[in-house]
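Below is one structure, written out as structure tokens; the observations come after it.
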């Protein structure tokens, strides 16, 4: 068992606090993804778990043991770095066996472990090459192999795919997923790409400015975002947001900033009459609808064949995106009416940015 | 070879016709070769000249040796002269000794008879040849090998210590965050601005108190840590990504192991540059060894060269021969390692 717990973990550089108290429990065997825009502290948080970055406050717990003062090497973790950080002067075989040598593993065991891992990752043809003679994808495999060969309790990945081209990234994503299934270890994976997070994670931790915004399974984050930031960050293309005020006498009506009034759900949300709220509707929930209550001016149309995107703005300039399956007949410059179903709407308090969704049961 | 020839005789126009710019540039280049290489050639040729030939005025370019002959009744070979005027004109005689303006000579065919000849009447028989005794005497009469050993020992050991100490300091200053790191660095670099002559006397006193005077270690230790070396290596080590060090830490490598197995191999180009520089500095070092070493058996080559220059007389023939031998090792260092010097300096300064 190798669960990881963060208890009010903090980090500051001088006066600048970059991690502002994070609590998190990652269960054994979970694939957890830290996601957030650059500068949100996700890499720092990962390095704090690894021990490479000392923590300013709080506790890091691995297997119910506080490891704040345990050296990185003794925490039983392995890390894959963004730049791969292979040892340039060593062959692939030496790269893989360096950690085992430092562990005083017997020679024969090192050889068999390196052989096992390299055939698993299909790098056994490359063992005598230097990192500079490898392609990006091969380097990535070697970097993963170096982590796997040490049989750590927990794997840490620091944006490992950001240096690969799009095609290879999809392929390696699948391989890392397969690796997780085969090894069953706890893995923590840092990325700024929410698609990577959605496709790979058992649980996603969304970070912003050193604070944990929401932690949960991908679909929960998608369906029930806790605040405006998570709602906007998870899902592609971005969720549409419209500011408005709930009607003073009728909780089912929302007066948008454009002057239009639309129907909003009265159940499941805790909004009050007269409250300033931000309405969120995902692009695939909005549809052109002649009876719709919102008017949108189409500014550009992307026809992808199987699906189409309409980009435009409401009458007050709020930009809005519509995703519609199939091919659309709408042209740019047209004014269309749109509407969305009540059950696909999200509502947030404009002032606090928190969701107004009522807790379920 | 054909490539080299055509390369060195390239002209401005492809047809091979000589433009005035060709004459100008080749003339300029030749002048450069003469200015730079002339003294070296002159040194090399002079080192093969006899003492008398070196003192001769006007000097001659090539080394000449006088023809000698063995004459019965004399142990040493005697110099042979043609007599061009006077009583014995036309004969070829060997000189026994010279007294003032009169030379005592003997005919090799009639060894019993001594002849007195005016020195203006004779002309030496000479041919181009090498006075190799300049070199052999170094080994026979002077303890050249001892000096060579001293110089080599100081150069090798001092370079090894310099590399170790400087690379460790550079590692600390480039890869660790600690209070006062920049102050340390400024002190190290700042010490570059203090001329060695200023600290000569205090350095001498410290060396004396430590009992290292007149020992090779007294030459080696005080100069082992060089600010240039620390700075050069630090700048290079800054270019090694920190992530590699982090990866090694995750791989359970101790800090010492990171230094030894990761940092040192990756800094090889910069270390090669410092090694070459250190070898050159140490081999050519003169002032400090001159101060520290006062006994002949501890002399380095440079000090031994200096000791040839007496107050009254200077034995130029041996001095020049020894100079040539002293230059050789450095020349070889340059010949074989110049690639590393150029690339190394470029890669340390460029980034």
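Protein chains in written order, with our numbering: chain D, 3 to 363; chain X, 39 to 389.
Ideal Cβ positions, reconstructed from N, Cα and C, are used throughout, including at glycine.
Discussion item. Residues of chain X with CB closer than 8 angstroms to the CB of residue 170 of chain D, please, in chain order.
Written reply: Neighbours of residue 170 of chain D on chain X: none; closest Cβ ~20 angstroms, over 8 angstroms.
Worksheet entry | Three-way DSSP call (helix, strand, coil) for residue 154 of chain X in this model | strand
Practice prompt. Answer yes or no: does any C-beta atom of chain D fall closer than 8 angstroms to that of residue 307 of chain X?
Written response: no
Practice prompt. Return the bridge partner residues of residue 327 of chain D from the DSSP annotation.
Written response: D:309
Fill in: Rounded separation between residue 168 of chain X and residue 356 of chain X - CA only
13 angstroms
Fill in: Span separating the alpha-carbon of residue 97 of chain D from that of residue 319 of chain X
38 angstroms
Practice prompt. Taking residue 300 of chain X as the query, report the chain D residues whose CB atoms sit under 7 angstroms from its CB, ordered along the chain.
Written response: 89
Worksheet entry | Opposing strand residues paired with residue 157 of chain D [DSSP bridges] | D:80 and D:189
Worksheet item: What in chain D is Cβ-close to residue 282 of chain X, meaning under 9 angstroms?
Response: 83, 85, 87, 88, 89 and 90
Discussion item. Short of 8 angstroms in beta carbon distance, which residues of its chain neighbour residue 292 of chain D, apart from the five on each side in sequence? Order them along the chain.
Written reply: 339
Worksheet item: Can you list the residues of chain D that residue 287 of chain X reaches, using a CB-CB cut of under 7 angstroms?
Response: 54, 74 and 75
Worksheet item: Is there a Cβ from chain X that is less than 8 angstroms from the Cβ of residue 167 of chain D?
Response: no
Worksheet item: Three or more beta-carbon pairs under 8 angstroms between the region 134–154 of chain X and the region 328–341 of chain X, yes or no?
Response: no
Worksheet item: By Cβ distance, which residues of its chain are closer than 6 angstroms to residue 44 of chain D, with the 5 residues on each side in sequence left out?
Response: 36, 38, 192 and 209
Worksheet item: To the nearest angstrom, how far is it from the Cα of residue 6 of chain D to the Cα of residue 71 of chain D?
Response: 15 angstroms
Worksheet item: Would you report the Cα separation of residue 24 of chain D and residue 42 of chain D, rounded to the nearest angstrom?
Response: 12 angstroms
Worksheet item: If we count Cβ pairs, one from each stretch, closer than 8 angstroms, do we get three or more for the region 86–99 of chain X versus the region 169–185 of chain X?
Response: yes
Practice prompt. Within the region 132–179 of chain D, note down every full alpha helix (DSSP H) run reaching 4 residues or more, in order along the chain.
Written response: 138–150
Worksheet item: For residue 205 of chain X versus residue 282 of chain X, is the C-beta distance shorter than 8 angstroms?
Response: no
Fill in: Minimum Cβ-Cβ distance from residue 389 of chain X to chain D less than 8 angstroms
A caution first: residue 389 of chain X carries a pLDDT of 34, below 50, which makes its placement in the model too unreliable to give a value.
Worksheet item: What residue ranges within the region 60–134 of chain X form continuous alpha helix (DSSP H) runs of no fewer than 4 residues, ordered along the chain?
Response: 89–93
Discussion item. Going by DSSP, what residue range makes up the alpha helix (DSSP H) through residue 95 of chain D?
Written reply: 94–104
Item to complete: With DSSP collapsed to three states, give me the class of residue 15 of chain D.
Response: strand
Discussion item. Taking contact to mean 3 or more Cβ pairs, one atom from each stretch, closer than 8 angstroms, check whether the region 294–309 of chain X and the region 242–254 of chain X are in contact.
Written reply: no
Discussion item. Going by DSSP in three states, residue 361 of chain D sits in which element: helix, strand or coil?
Written reply: coil
Discussion item. Here's the rule I'm using: 16 or more other beta-carbon atoms within 10 Å means buried, otherwise exposed. How should residue 70 of chain X be labelled?
Written reply: exposed
Worksheet item: What's the C-alpha gap between residue 165 of chain D and residue 137 of chain D?
Response: 11 angstroms
Worksheet entry | C-beta atoms of residue 360 of chain D and residue 272 of chain D nearer than 8 angstroms | yes
Worksheet entry | Chain-ordered neighbours of residue 105 of chain D on chain X, where CB pairs are closer than 7 angstroms | 290
Worksheet item: If residue 232 of chain D and residue 223 of chain D are in contact, beta carbons under 8 angstroms, what's the gap, nearest whole angstrom?
Response: 6 angstroms
Worksheet item: Sorted by chain position, which residues of the same chain lie with C-beta nearer than 6 angstroms to residue 47 of chain X's C-beta, five sequence neighbours on each side aside?
Response: none
Fill in: Beta-carbon neighbours of residue 100 of chain D, restricted to chain X and to distances below 8 angstroms
286, 289, 291 and 299
Discussion item. For chain D, check one thing: does any of its Cβ atoms lie closer than 8 angstroms to the Cβ of residue 213 of chain X?
Written reply: no
Fill in: Close Cβ partners of residue 341 of chain X (< 7 angstroms) along its chain, the five nearest in sequence each way excluded
327, 328 and 331
Fill in: Run of the beta strand (DSSP E) containing residue 161 of chain X, from where it starts to where it stops
160–162
Worksheet item: Taking the DSSP output, what are the residues bridged to residue 240 of chain D?
Response: Bridge partners of residue 240 of chain D: none, in fact.
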